[in-house]
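Trainee: One structure follows; several queries about it will come next.
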Amino acid sequence: MRIGTVETKNRVFAAPMAGVTDKAFRILLHRMGCGLIVTEMASAKALTYSNRETFEILNLEEEKGPIAVQLFGSEPGI
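The numbering of the sequence shown is the working numbering, which starts it at 36 and goes up by one.
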């Protein structure tokens, strides 16, 4: 399956689940053959403050893709 320029190996996608799709779970999903993995929800505003917890949520080191990042916020300027 193709989404824009991103090609997935299958149509099995993991839903974004706050408090569930942490790094260990995302690695497990990849090993089980998930075609697209989504991070936990992360605050776009927290990224501008270099919030440590937000960076931990979005730590994608050693992970194989494709991986989508779910951001939330209501301030267009961020």
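Where a beta carbon is used, it is the ideal one built from N, C-alpha and C, also for glycine.
Small disclaimer: the values here were computed from a predicted structure and weren't measured.
Got a sec? Which residues, its chain only, sit under 8 Å from ILE102 by beta carbon, not counting five neighbours each side?
Mentor: By 1-based counting over the sequence shown, the position of residue 102 is 67. ARG61, LEU71, ILE72, VAL73, THR74, LEU95, listed in sequence order.
Trainee: What does the alpha-carbon distance come out to for the pair MET167 and GLU98?
Mentor: Look at the range of the chain in this structure, 36 to 113, and you will see that residue 167 is not part of it.
Trainee: Give the single residue among ILE92, THR40, SER85 whose Cα lies nearest to the Cα of MET52.
Mentor: Position 17 of the sequence shown, counted from the first residue, corresponds to residue 52. It is ILE92.
Trainee: Mind checking which residues open and close the alpha helix (DSSP H) that includes GLU88?
Mentor: Numbered from its first residue, the sequence shown carries residue 88 at position 53. From DSSP, the alpha helix (DSSP H) with GLU88 extends over 87-92.
Trainee: Within its chain, find whatever has a CB closer than 7 Å to the CB of THR43; leave out the 5 residues flanking it on each side and keep chain order.
Mentor: Walking along the sequence shown from the start, residue 43 turns up at place 8. Excluding positions up to five away in sequence, the list reads MET36, GLY70, LEU71, PRO101.
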